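Report on the following structure.
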Amino acid sequence: MRYLILLLVLGIAGCDLEQTAEDKNAPARLDSLFREYYNFKKQINPIEATKAGFSEYNAQLQNYISAPYQTGLKEQYVKFLNALAGFDSASVSPAQWMSRGVMEWDCKIKLEGLNSPLITVASPMFDMPAFELMPLNQMQSLNLYFSQLAGGESIQPFNSVTDYDNWLRRVNVYLDFLDTAMFKMNIGIEKGITLPKVIINKMIPQIAVFANTA
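Each residue of the sequence shown is one higher than the one before, starting from 5 at the first, in my numbering.
The structure is reproduced here in structure tokens:
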């Protein structure tokens, strides 16, 4: 009987030691999760990564209104939320706990947008939501931003053969984006979800100028 009690006590002590060791590693694990999330944000929004000075993303672009992209985002945001749930305020610093709260809010609000029938998230402009069935507008959409990149005076470099190759690879994805945009907008027409006529009338000359000078 004494032997069984001793084994039970040792087992409980072992669990406590394991938990204590895990808690000691919590700050490092949370910092690692923050880094993983930052890299994820660069991957899903490579134009912003280029703007931040990460040249390895200069050839990349995301067709952010496509179904595979949105499905992948949902899976990743759920994964990060599950990982964040494994931390408590007692095991990390106050600053880390605050950062954890910001990351959790960001994941939840983006996931909420992705689950909306109208909205997708992580558009290249300021990481703002975009309407899936109305992906283009006259003020702030990828078609306008992309033409600025092509001008050579924005964040996209054109100083070497590699730079031009990177741009062409980015253009290829942009063409896919435009095809998807037309497909989505046709769905919007069928459902009666469209921009007002006055906005469309302003968009047409903008797109025409880009098409005629590209």
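Note that CB positions come from ideal geometry on N, CA and C, so glycine has one too.
This one's a predicted model, so the numbers in the text were calculated from it and none came from an experiment.
Between Ala185 and Leu140, how many whole angstroms is the CB-CB distance? I'm expecting something under 8 Å.
Between Leu140 and Ala185 the Cβ distance is about 6 Å, and since that is below 8 Å, they are a contact.
Less than 8 Å separating the beta-carbons of Gly41 and Phe91?
This sequence places Tyr at residue 41; Gly is not what is there. No, Cβ-Cβ distance for Tyr41 and Phe91 is not below 8 Å.
Ignoring anything shorter than 4 residues or poking outside the stretch 139 to 172, list the alpha helix (DSSP H) runs there in chain order.
If you keep only unbroken alpha helix (DSSP H) runs of at least 4 residues inside the stretch 139 to 172, you get 146 to 154.
How big is the Cα-Cα spacing for Leu10 and Lys28?
Legend: pLDDT at Leu10 = 39, less than 50; position of this residue unreliable, no value from coordinates given.
Please classify Ile51: is it buried, with 16 or more other beta-carbons within 10 angstroms of its beta-carbon, or exposed?
The residue is buried, with at least 16 neighbouring Cβ atoms inside 10 Å.
Exposed or buried, what is Asn170 when buried is set at 16 or more other beta-carbons lying within 10 Å of its beta-carbon?
Burial check for Asn170: the Cβ neighbour count within 10 Å reaches 16 or more, so the residue is buried.
Hey, would you say Gly192 sits closer than 8 Å to Leu137, going by beta carbons?
In contact: Gly192 and Leu137 (Cβ atoms closer than 8 Å).
Selected residue, minimal CA-CA separation from Tyr168, among Gly76, Asn62 and Phe58:
Measuring from the Cα of Tyr168, the nearest candidate turns out to be Asn62.
Within 10 angstroms of its Cβ, does Leu179 collect 16 or more other Cβ (buried), or is it exposed?
Answer is exposed; the Cβ neighbour count stays below 16.
Contacting residues, own chain, Cβ-Cβ under 8 Å from Gly156 (five flanking each side not counted):
Cβ contact annotation for Gly156 (same chain, cutoff 8 Å, sequence separation greater than five): Phe162, in chain order.
What residue from Asn205, Asp183 and Asn190 has the CA that sits closest to Ser70's CA?
If we check each option's Cα against that of Ser70, Asp183 comes out closest.
Got a sec? Which residues, its chain only, sit under 8 Å from Ala94 by beta carbon, not counting five neighbours each side?
So the list reads Asp27, once near-sequence residues are dropped.
Residue range of the unbroken alpha helix (DSSP H) whose run includes Val106
Element bounds for Val106: Pro98 to Leu118.
For the alpha helix (DSSP H) that Tyr81 lies in, which residues bound it at each end?
First-last of the alpha helix (DSSP H) with Tyr81: Ala71 to Leu88.
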